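Visitor: If you read the sequence shown in our numbering, its first letter stands for residue -12, the second for the next number, and so on.
Backbone N, C-alpha and C fix where the C-beta goes; we use that ideal spot for every residue, glycine too.
Bear in mind that the values here come from a model prediction, so they are computed numbers and not experimental data.
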Amino acid sequence: MMAAPKLRNQLLSLLPSDCASAAPHSAFPLFLSWTVNHFAVPMSPVHQLPPLFCPAALCGHRPPLVHNATQPRSKIVGGSLASPGSWPWLVNLRLDGGLMCGGVLVDSSWVVTAAHCFSGSRSENQWTAVVGEFDITKSDPDEQIIKVNRIVTHPKFNPKTFNNDIGLVELMAPAMLSDRVRPVCLPSGPDPSTGTPCLVAGWGSLYEDGPSAEQVMEAKVPLLPQSTCRNALGKELVTNTMFCAGFLSGGVDSCQGDSGGPLIYQDKLSGRFHLYGITSWGDGCGEQGKPGVYTRVTAFADWIQAEMQKSAENREPTCPELLKTSELSEEQQRSEFGTLCRFYSQSCPQGQGAACSRLAEDKCRTRFKKCRESFYLPLPIKTLPCFSILKPKPLSNHKVEIHHNANLIRDMYRWVLRIPSKNLCMNFQEILVDLASKNKKGLYEARIQATVGGRPLTFYSLVGLENEAFYRSMPRVIALALEALKGHFLEAERTETWCWLTHLVYLVL
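1. Determine the burial state of D166: buried for a count of at least 16 other Cβ atoms within 10 Å of its Cβ, exposed for fewer.
2. Considering only residues of the same chain and omitting the five flanking positions on each side of T22, which have a CB-CB separation below 6 Å?
3. Are E201 and I132 touching if we call contact CB-CB under 8 Å?
4. Among residues of its own chain, excluding the 5 on either side of T140, which ones have a beta-carbon nearer than 7 Å to its beta-carbon?
5. Can at least three beta-carbon pairs, one atom from the segment 145 to 160 and one from the segment 259 to 269, be found at a separation below 8 Å?
6. Within 10 Å of its beta-carbon, does Y458 have 16 or more other beta-carbons around it, so buried, or fewer, so exposed?
7. How about T282 and T215: do their beta carbons lie closer than 8 Å?
8. Considering only residues of the same chain and omitting the five flanking positions on each side of F260, which have a CB-CB separation below 6 Å?
9. By DSSP, does K143 sit in helix, in strand, or in coil?
10. Can you tell me whether K380 is buried or exposed, with buried defined as 16 or more other CB within 10 angstroms of its CB?
11. Under 8 Å between the Cβ atoms of N163 and L68?
12. Could you tell me the boundaries of the beta strand (DSSP E) in which G325 lies?
13. Only counting the same chain, and skipping five residues up and downstream in sequence, which positions put a Cβ closer than 7 Å to that of V464?
14. On the three-state DSSP scale, how would you describe W74?
15. Can you tell me whether DSSP reads R442 as helix, strand or coil?
16. Among the candidates Q320, R329, A219, whose CA atom is the shortest distance from the CA of K277?
17. In chain order, what are the residue ranges of uninterrupted beta strand (DSSP E) at least 3 long that sit wholly in the segment 98 to 186?
18. Which residues does DSSP pair with E417 in a beta bridge?
19. When you compare only the Cα positions, how much space is there between G248 and S70?
20. Can you give me the C-alpha to C-alpha distance between C335 and R302, rounded to a whole angstrom?
21. According to DSSP, simplified to helix, strand and coil, what is A206?
22. Let me know the secondary structure DSSP gives Q333 once reduced to three states.
23. Considering only their Cβ atoms, is the gap separating L82 from G107 smaller than 8 Å?
24. Tell whether a beta-carbon distance below 8 Å holds between N145 and E308.
25. Based on the DSSP secondary-structure assignment, which residues constitute the bridge partners of A288?
26. Excluding five sequence neighbours on each side, which residues of the same chain lie with their C-beta closer than 8 Å to the C-beta of S344?
27. So, is G441 buried or exposed, given that buried needs 16 or more other C-beta atoms within 10 angstroms?
28. Based on the DSSP secondary-structure assignment, which residues constitute the bridge partners of S448?
29. Under the three-state reduction of DSSP, which class applies to L309: helix, strand or coil?
30. Looking at the structure shown, is S214 part of a helix, part of a strand, or coil, going by DSSP?
31. Compare the C-alpha of S460 against each of L444, V439, P443, N426 and name the closest.
32. Quick one: grab the DSSP three-state call for N227.
33. F260 lies in the beta strand (DSSP E); which residues open and close that run?
34. Between the Cα of A232 and the Cα atoms of A299, K222, C185, which residue gives the shortest distance?
35. Does the distance from the C-beta atom of L173 to that of V78 stay below 8 Å?
This is how it looks when you write it as structure tokens:
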């Protein structure tokens, strides 16, 4: 599709200069998305175009920064306060709204991090990724909070030894790239030599067992010989997929909360920054004779590329993808569900097509059922194993945890405030309950048909049949109805007349 010259020039003016110069003068792909109070939401499939991504132009470039000589400098195990925007690829991975790990943007939709970050939870709905963030105590102008669609940990990750400690996070919507949000370059050549100065960054503890930093801290650390690393920490502990960086004299290191964050180096010829390590583990923080240990990204470059390039048929459907089918019409549900479940029928041997296909569909529906259970009734958060020295610090203050959760919910549903309450329409027409699905909390699986904003919707939730249980379950049902409404609201915004219906029909069959 050709863009009109005037429109094309306007669009190019919005891009970073290096990306704009790399864009072809004919047709070029564009990604358009709505951003509501820094919450990135994809447009409907009808209006969504291919994502804009200029890896050759964008990756590894830091934006031009003006150094502030009066900026306070404080130490993070020998590091210093980074300049705002100087780490455009740094990602804050939040578990239930609280900082858990760092990560690094390697594509507009993919983040590389440490596999051990997900030892406490693999449920995508509990995680969010924040790009463009500098100060975690306030909302930054370039900040984008994006839901997580997929969590992939390396199949050979060993949680006891931390061997192969690497993972990938696929974002629900591509990050909107700019000078302060862009990917780092993945390694493509030989490993940097011993002694190469590298940079690490994050919001981790300022010292061992100390408080987390409120702003991005960075430190410069040299690469150490593998023999030195093994002699310092133990030959049996440091594998070929690991390396050490830092000073044997101590004083400069990453710490708790920095796990999953990047270790980067600058290519002398291109001037671009490349990802070489992922903060993994260590014995203490900045202690003498105990350098930090990082996952060697070059050992996993092929795995990273293969995972990012997998087609839909070659990857297991995620819970967000399966649950999103609940928002579609019945005909659309069958079509989308069939596409998503195609993954399970790939292993069917010849001659067993029909029987195997039914078994594959059963597997897919079982996963769908488990997704509903884990999404609507998430299990308590587990802390990471005690042997992880660089593990993210769990939230210790219960009130702080509640505050984080409240802020996350507020940000997720802030868009509702833009709709006049008198114009909201929410009419629950039918709730079909599976009487054999009662859980320990007295709730049942149910399919709910409702008219929300004048649009018929079908979605799934857990409801109670007794009065007390029913009233407890209704806030969740209303929240799911609002979530289904969001896509329609953002798509239309706002030519329709909204209404408020107080009539609620509760029908159990």
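Guide: Judging by the given coordinates:
1. buried
2. Below a pLDDT of 50, predicted positions are generally treated as unreliable, and T22, at 29, falls in that range; no measurement from the model is reported.
3. Not in contact: E201 and I132 (Cβ atoms no closer than 8 Å).
4. Closer than 7 Å at Cβ, skipping near neighbours: A102, F105, G154.
5. Contact between the segment 145 to 160 and the segment 259 to 269 is present, because at least three Cβ pairs lie under 8 Å.
6. exposed
7. no
8. Result list for F260: G47, V171, I251, Q253, in chain order.
9. Of the three classes helix, strand and coil, the one that applies to K143 here is coil, per DSSP.
10. Per-residue confidence for K380 stands at a pLDDT of 38, beneath the threshold of 50, marking its modelled position as unreliable; no derived number is given.
11. Just to set this straight, residue 163 is Met in the shown sequence, not Asn. The answer is no: Cβ separation not under 8 Å.
12. From DSSP, G325 is part of no beta strand (DSSP E) but of the alpha helix (DSSP H) over 317 to 327.
13. I435, S448, V450
14. coil
15. strand
16. A219
17. Runs of the beta strand (DSSP E) inside the segment 98 to 186: 114 to 118, 131 to 140, 154 to 158.
18. Q436
19. 17 Å
20. 16 Å
21. strand
22. coil
23. yes
24. no
25. None; A288 has no bridge partner.
26. S332, C335
27. exposed
28. A433
29. helix
30. Helix at S214.
31. N426
32. coil
33. 260 to 268
34. C185
35. Contact: no.
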